[in-house]
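Visitor: Got a structure for you, questions after.
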Amino acid sequence: MAGISTLWVPLLTTLAGIGSLTLVSTAYSTIRFLTLHLITPSHPLQSYKRADPEPAYALITGSSAGIGFGIARALIQQGFNIILLGHLAGELASAKEQLQTLVPSASIQILVMDARTASPEEMQAAVQSIAHLNVSILVNNVGGNPVTLPPFRVLGNYSSGDVDAVINQNARFMARLTAMMLPILSRRKEEGGKGAERGERSLIINLSSAGRIGLPWLVMYGATKAFNWAFSCGLSRELSVDPGTRHIDCLAILPGDVKSQGNCEGVSANDPRSDEFAEQVVRKVDCAVGRGMKELRPWMMHGVQDWVLGILPEGVKSKELIKVLGKKKDAFNGAWEKSR
Ligand SMILES: NC(=O)c1ccc[n+]([C@@H]2O[C@H](COP(=O)([O-])OP(=O)(O)OC[C@H]3O[C@@H](n4cnc5c(N)ncnc54)[C@H](OP(=O)(O)O)[C@@H]3O)[C@@H](O)[C@H]2O)c1
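Numbering (this note's numbering), first residue to last: 1094 to 1433.
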């Protein structure tokens, strides 16, 4: 009997210890999750406003519609000046008009540029044209699935042009633009770090996607979003090392389904609209950056969906992704068939 109890007591003590630790860690994660989503500042992003007389600018790519326009709208309402970047001058002008009506005193600049085809020289010239402005925020938002239609296809049906178009629009453009913008975002009035504490910080936000885990019929899209995510996390760590860039925060955003111009088929009634989603991005960045997070799922239910996917065994996860993406494929490709 004595032999058995000497075996059971340490085993039960260890199991109780593991159980308590699991409980504490689950409670801690739940509280952090809830506070991130339920307690948001009414005046976010104050530390990126810079101490200049002229309000700081935010450059948002792909901002004539969808989430990019929503972020521009939320930022201008928070007192930022805005630089809209897109490929169609008419759409940009109409976006500018809407934003200007909202905040007549704000300065709104426009950069017309095609993220798929812009050469490094064109990009450098565009960056040069805004170099005199006090830009403190870069939102790498432009992205999508710019393949010849139908949009959802097996990789074997992609032309080389399709492969390159997705890489250019979702990965190459944001990587080049970020590198070109870093000297501008690095600028501070006060050298030596003090300015950064007094609201002279800079911010880079990168729109990745929950699809970075790998999506059937959108293989190139998912892969470039994984690039975007890894780029963002790596850059965030790199920036934190150098005293000259330590004041630049960098965060990847991981949306699930958001109703937008580009994602208009196969979305459910519970999915957020692009303006609702964008508002949550702007409200939750401060908390995420303050906690040292590298990625943010601003929409609460997207966080829950990702968590569930993360704990599923691979076989079940793949089955579920194939089912969900299959429905989306039918919805998108069906709409395309009808419109022909
Ligand atoms: N919506 C979602 O469910 C979802 C989910 C995960 C991740 N995301 C990511 O979030 C970002 C925004 O998505 P969204 O759904 O809001 O996109 P969207 O509705 O398609 O809007 C994209 C914006 O980019 C512009 N644009 C398109 N092609 C361009 C090009 N070649 N050069 C410059 N600008 C261009 C569009 O202008 P035009 O209107 O003139 O074409 C539009 O203003 C993307 O990176 C996307 O991958 C979205």
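Just so you know, even glycine gets a beta-carbon here, dropped at the ideal spot from N, CA and C.
Based on DSSP bridge pairs, tell me the residues matched to residue 1154.
Guide: As a working mapping, residue 1154 is identified with position 61 in the sequence shown. Paired residue(s): 1178.
Visitor: Taking C-alpha atoms, which residue in 1181, 1191 and 1183 lies nearest to residue 1175?
Guide: Taking the first residue of the sequence shown as 1, we reach residue 1175 at position 82. Nearest of 1181, 1191 and 1183 to residue 1175, Cα basis: 1191.
Visitor: From 1374, 1131, 1417 and 1432, pick the residue whose C-alpha is nearest to that of residue 1166; which is it?
Guide: Counting from one through the sequence shown, the residue named residue 1166 turns up at place 73. Of the candidates 1374, 1131, 1417 and 1432, the one whose C-alpha sits nearest the C-alpha of residue 1166 is 1374.
Visitor: Please list the segments of the alpha helix (DSSP H) lying wholly inside the region 1243-1281, counting only runs of 4 or more residues, in order along the chain.
Guide: Listed in chain order, they are 1253-1260 and 1266-1279.
Visitor: With which residues is residue 1343 paired in a DSSP beta bridge?
Guide: Looking up residue 1343 in the sequence shown gives position 250. 1297, per the DSSP bridge assignment.
Visitor: Residue 1233 bridges to which residues according to DSSP?
Guide: If you number the sequence shown from 1, residue 1233 lands on position 140. According to DSSP, which records beta bridges pairwise, residue 1233 is partnered with 1299.
Visitor: In this structure, what does DSSP give as the bridge partners for residue 1388?
Guide: The residue given as residue 1388 occupies position 295 in the sequence shown. According to DSSP, residue 1388 bridges with 1345.
Visitor: By how many angstroms is the C-alpha of residue 1369 removed from the C-alpha of residue 1390?
Guide: Against the sequence shown, residue 1390 aligns to sequence position 297. Against the sequence shown, residue 1369 aligns to sequence position 276. Each residue's alpha carbon lies about 13 Å from the other.
Visitor: For residue 1228, which of helix, strand or coil comes out of DSSP?
Guide: As a working mapping, residue 1228 is identified with position 135 in the sequence shown. DSSP places residue 1228 in strand when its eight states are reduced to three.
Visitor: For ligand 1, any of its heavy atoms closer than 7 Å to the Cβ of residue 1164?
Guide: Start at 1 with the first residue of the sequence shown, and residue 1164 comes out as number 71. Residue 1164: no, Cβ never under 7 Å from ligand 1.
Visitor: How should residue 1154 be labelled, buried or exposed, when 16 other C-beta atoms within 10 angstroms of its C-beta is the threshold for buried?
Guide: Working through the sequence shown from its first residue, we reach residue 1154 at position 61. It counts as buried.
Visitor: With respect to the alpha helix (DSSP H) encompassing residue 1328, which residues constitute its N-terminal and C-terminal limits?
Guide: Your numbering for residue 1328 matches position 235 in the sequence shown. Unbroken alpha helix (DSSP H) run through residue 1328: 1312-1332.
Visitor: Report the three-state DSSP secondary structure of residue 1352 (helix, strand or coil).
Guide: Within the sequence shown, residue 1352 is the residue found at index 259, counting from 1. DSSP places residue 1352 in strand when its eight states are reduced to three.
Visitor: Kindly indicate the opening and closing residues of the beta strand (DSSP E) around residue 1201.
Guide: In the sequence shown, counting from the first residue as 1, residue 1201 sits at position 108. Taken as a continuous stretch (DSSP letters only), the beta strand (DSSP E) holding residue 1201 covers 1201-1205.
Visitor: Given this structure, state the Cα-to-Cα distance separating residue 1142 from residue 1293, to the nearest angstrom.
Guide: Walking along the sequence shown from the start, residue 1142 turns up at place 49. Walking along the sequence shown from the start, residue 1293 turns up at place 200. Spanning the two alpha carbons is a distance of roughly 7 Å.
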